[in-house]
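Notes follow once the structure below has been shown.
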Amino acid sequence: MCVSQCIDVTCVDRCLAEGCEEALKALEQCAAKSGCGPDDSSCVARVCGKQCGRTFEPAPRSPEKEAAEPCADASVGSGKVPEKVVGRWTLEAASIRPEERPRIASEEGTDVKPRPDFKQALVVTPGGCFLLRTKLEDATLGRGNALEIRSWGAFQVDEKKKTVELRTKTGQAVGPVCGKPRVMGLSKGKFEKPVYKYLVERDTLTLTAQNPSKQTFQFRRQTPEQQSQPEQPETQKEVE
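With this note's numbering, letter number 15 in the sequence shown gets 11, and the count goes up by one each step, no holes.
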């Protein structure tokens, strides 16, 4: 639920540190000692099944079906949005929250080193629906586990103020956990409704948080070729 509202990787790190980090580390150590091949997820699931169950307390069942195209529901959107913001975007860069700069600087120097499997994508439809997708794979969740965390809702634009509010309606976390496919609903959580200044310049969408942090996120418009290819993890850079 916490991760579903993140855009940048430092936010994801903060979510995972709230009670998850030690459990995930223990799961990673189990996989490392298992003797299983690097791509043998069934072996890891068998050897580390109990440890994985304890880590995810245990992996919840899947009472609901995956929403493959949540923006297909016309009731989710906000109505018409500016044509220039419509499309598929990939997060290319993000600034760091001011309160996190001392920790980042002391641990990593001045550069941000995100989790190797982190990738963030934003889809905005002509009907004013947004879909925010965060991929976390085995480098974060332990070998054999992977989740795509999705949140969606209304992309509410104020063209006069050049602002957009992300009115999240619900979300899901989808993927294999402890060797079993899962669809975990996030509808019971309380979603925030952040407001951002937006700016579109050529193929770049910049969102600036309208709060004291003034955190900035830069998205690059996906090309038709990128949309048709399997997604590969990218390295996120920092916006000064």
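Glycine is no exception: its CB is placed at the ideal position from the N, C-alpha and C atoms. Bear in mind the structure is a predicted one, so any value in this text is a computation, not a measurement.
Cβ pair residue i, residue j closer than 8 Å
i: residue -1; j: residue 140; result: no
i: residue 173; j: residue 62; result: no
i: residue 72; j: residue 176; result: no
i: residue 150; j: residue 124; result: yes
i: residue 127; j: residue 220; result: no
i: residue 91; j: residue 211; result: yes
i: residue 74; j: residue 25; result: no
i: residue 34; j: residue 82; result: no
For residue j and residue i, believed in contact at Cβ under 8 Å, the rounded distance
i: residue 215; j: residue 86; result: 6 Å
i: residue 169; j: residue 190; result: Residue 169 to residue 190, Cβ: 20 Å. No contact.
i: residue 218; j: residue 42; result: In fact, because the Cβ distance is near 38 Å, the residues do not count as touching under 8 Å.
i: residue 158; j: residue 193; result: 6 Å
8 Å CB neighbourhood of residue i in its chain, flanking five on each side removed
i: residue 111; result: Legend: pLDDT at residue 111 = 48, less than 50; position of this residue unreliable, value from coordinates given subsequently. Result list for residue 111: 5, 8, 9, 132, 135 and 136, in chain order.
i: residue 79; result: 122
i: residue 199; result: 216 and 217
Close Cβ partners of residue i (< 6 Å) along its chain, the five nearest in sequence each way excluded
i: residue 88; result: 214 and 216
i: residue 195; result: 202
i: residue 167; result: 0, 146, 147 and 182
i: residue 302; result: Missing from the structure shown is residue 302; the chain here goes from -3 to 236 and no further.
i: residue 143; result: 132, 169 and 171
i: residue -3; result: 182 and 185
Same chain, Cβ closer than 7 Å to residue i, five either side skipped, listed in chain order
i: residue 60; result: 179 and 181
i: residue 23; result: 44, 47, 48, 51 and 138
i: residue 188; result: 1
i: residue 109; result: Here the model assigns residue 109 a pLDDT of 44, short of 50, so the residue's position is not dependable, and the following value carries that caveat. Taken in chain order, the list of residues that qualify is empty.
i: residue 3; result: 87, 90, 116 and 213
Residue(s) in a DSSP beta bridge with residue i
i: residue 130; result: 116 and 145
i: residue 16; result: For residue 16, which the question treats as bridged, DSSP gives no partner whatsoever.
i: residue 125; result: 150
Residue i beta carbon near the ligand NAD (any heavy atom closer than 7 Å)
i: residue 178; result: The ligand NAD is absent from the structure shown, which contains no ligand whatsoever.
### Those runs of the beta strand (DSSP E) which lie wholly inside the stretch 39 to 97 and span at least 3 residues
Within the stretch 39 to 97, the runs of beta strand (DSSP E) that reach at least 3 residues and sit entirely inside it are, in chain order, 83 to 90.
#### Entry: alpha helix (DSSP H) runs contained entirely in the stretch 144 to 223, provided each spans 4 or more residues
Under the rule that a run must span 4 or more residues, no alpha helix (DSSP H) segment is found entirely inside the stretch 144 to 223.
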